[in-house]
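First the structure, in the form of C-alpha cells, and then the observations on it.
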Amino acid sequence: MDDLRSWWDASVAWVDSHWLQIGIAIGVGLLIYFLLSMTRRFALRHAQSAEGDLSLTHIAGRVIHKTKSSVLAIIAIRMVAGYAQPPAIIMQVVQLVFTVAVVLQVAIWVREIVLGLIQRRAAEGHNETLSNAMGIIRLLISVALFAIAGIVILDNMGVNVTGLVAGLGIGGIAIGLAAQGIFSDLFASLSIIFDRPFRVGETIKYDTSTATVERIGLKSTRLRSLNGELLVISNTNLLGKEITNFAHLHRRRITFMIGVIYQTTPEMLRDLPALLEEQVVAGGHEFIRSSFLSFGASSLDFELLFDVFSDDFDVVAAARTDIGIRLFDAMARAGYEFAYPTQTTFTAAPDGTMVMPYAESPKSRGSVAKSAKPG
Numbered sequence: 096m097d098d099l100r101s102w103w104d105a106s107v108a109w110v111d112s113h114w115l116q117i118g119i120a121i122g123v124g125l126l127i128y129f130l131l132s133m134t135r136r137f138a139l140r141h142a143q144s145a146e147g148d149l150s151l152t153h154i155a156g157r158v159i160h161k162t163k164s165s166v167l168a169i170i171a172i173r174m175v176a177g178y179a180q181p182p183a184i185i186m187q188v189v190q191l192v193f194t195v196a197v198v199l200q201v202a203i204w205v206r207e208i209v210l211g212l213i214q215r216r217a218a219e220g221h222n223e224t225l226s227n228a229m230g231i232i233r234l235l236i237s238v239a240l241f242a243i244a245g246i247v248i249l250d251n252m253g254v255n256v257t258g259l260v261a262g263l264g265i266g267g268i269a270i271g272l273a274a275q276g277i278f279s280d281l282f283a284s285l286s287i288i289f290d291r292p293f294r295v296g297e298t299i300k301y302d303t304s305t306a307t308v309e310r311i312g313l314k315s316t317r318l319r320s321l322n323g324e325l326l327v328i329s330n331t332n333l334l335g336k337e338i339t340n341f342a343h344l345h346r347r348r349i350t351f352m353i354g355v356i357y358q359t360t361p362e363m364l365r366d367l368p369a370l371l372e373e374q375v376v377a378g379g380h381e382f383i384r385s386s387f388l389s390f391g392a393s394s395l396d397f398e399l400l401f402d403v404f405s406d407d408f409d410v411v412a413a414a415r416t417d418i419g420i421r422l423f424d425a426m427a428r429a430g431y432e433f434a435y436p437t438q439t440t441f442t443a444a445p446d447g448t449m450v451m452p453y454a455e456s457p458k459s460r461g462s463v464a465k466s467a468k469p470g
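So the sequence shown is numbered by the working numbering: it starts at 96 and just counts up by one.
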C-alpha cells in the first residue's frame, strides 16, 4: 500500500511539474498514431487491389491487416515517452508494455507470412494434401512462434529463462520420442510436398514396384500399380528408397536386340544397319545407333538404339510397337529370317555311317549302294 501511495504521489508531482511536456507529448503521440494508421490503411488498400488471392502483394496485405491498432498506439506512446520525462516506474511500465506488444505483433506477422507462403505453394501445385494439412501446420507454427515470443518477453522482464528453455527441451525430446513415428511421417510428407520428388498422377519406380501416385497423405502415400493393385507405403519408408520418376523423362531410349540366322549372306548383314536406321527415321524418332553385336549361340545379333521424345509412357509404348512392326515387315520383305534357339542332333550307326532323322527315298538308297560298290 505504501508503494502504491508513493507511486501515486510521484505521478502527481510529475504531472504538476511537466504538464507542458506531457501535453506536447500527447499531441505528438496522437499525430504519430494518426500517421501510422493512415500508412497502414494506404498499404492495406494497395495490397488488396493486387490480382490473385495468394500473390506476394496479397500476402503482404494480410500481414498489414493483422497489425493491431493497440500496437500502433503503444508504439506512439513509447516514441514520445522520453520527452515527457516520466518517473522511472512509469517508464519501466511503458517499456514492458511496448516490449510485450511488439514481440507478440512480430510473432503474428511471421505466422501470417509463413502460412501465406505455404498456402501459395499449395495453390501453385494444386496440392490437396497440403491444403488438408493447413490446420495442423497452423497449430505447429503458432505454438512454436508464441513459445519463442513468450521466452523473449520473460527474458526482457528479467526472468532467468535458462531453466525454462532446458525444461522445454527435455519435454520436447520426450514428446518426440513418444511420437517419433507420427512426426517422422508428418515431416516426410511435408518434405514430399515442398521438395516434390514426385506428384499425384506421376509414375514412379521404387525397389521392384512401378506404380502411379494417387494420393500423398500426412502419414502414407497411396500408389496404383500397373496391375491395378493399391500400394500403401509410409512416407518415411518411401523417401528412404531410391525413386525413379518417369514423368521427368522428356526423352526415352529404346533398345531392340535383333538376331538373324547364320545362313544370312554377308551382303545382307552389311545392309541390315542401314535398313534398321531407315525404319526408325520413317517412324519420326531420333536414330542413335545400329550395329553388329555378337555371334550368338544360334543367331547373329544386332543392336538398335533410338530415342522417343515424350514424357508420356503410353506414347513411348506405342512408338516401341510401331517401330517393332516396321522392322519385322521391312526385314521380311528384304528376305531376312529371324533366328530362334535351335539344336541339330546327328546320330551314327555302329559302323559309323550317319543315320538320317527322316526316311530315305529308294532312289537315294540305291545311289548310296551304287557308290558303295568297287569300281
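For each residue, glycine too, the CB sits at the ideal point set by N, CA and C.
Owing to the predicted nature of the structure, the values given are computational and were not obtained by experimental measurement.
Counting the other CB atoms within 10 Å of its CB gives ALA369 a total below 16, which places it among the exposed residues. Per DSSP, the unbroken beta strand (DSSP E) holding LEU388 starts and ends at 381-390.
Residues GLY211 of the same chain have their beta carbon placed closer than 6 Å to that of ILE154, with the five preceding and five following residues left out of the count. Annotation: ASP406 is outside any alpha helix (DSSP H) and is labelled neither H nor E by DSSP. Cβ-Cβ separation between VAL175 and GLY124: approximately 4 Å, consistent with a contact (criterion under 8 Å).
Less than 8 Å divides the Cβ of LEU395 from the Cβ of LEU364.
Here THR437 carries a coil assignment [DSSP, helix/strand/coil]. For MET363, the uninterrupted alpha helix (DSSP H) run begins and ends at 361-377, by DSSP. Its chain contains THR442, ALA443 and ALA444 as the residues whose beta carbon lies nearer than 8 Å to that of VAL450, once the 5 sequence neighbours on both sides are disregarded; these appear in chain order. Beyond the five residues adjoining it in sequence on each side, LEU344 comes within less than 8 Å, by CB distance, of ASP406 in the same chain, given in chain order. For VAL327, the beta-bridge partners assigned by DSSP are ARG317.
Within a 10 Å sphere around the beta-carbon of GLY262 sit fewer than 16 other beta-carbons, which makes this residue exposed.
Separation of the CB atoms of VAL260 and LEU249 is rounded to 10 Å, and the pair is thereby denied contact status at 8 Å. Of the candidates GLY156, ILE185, VAL327 and SER165, the residue whose Cα lies closest to the Cα of ALA142 is GLY156.
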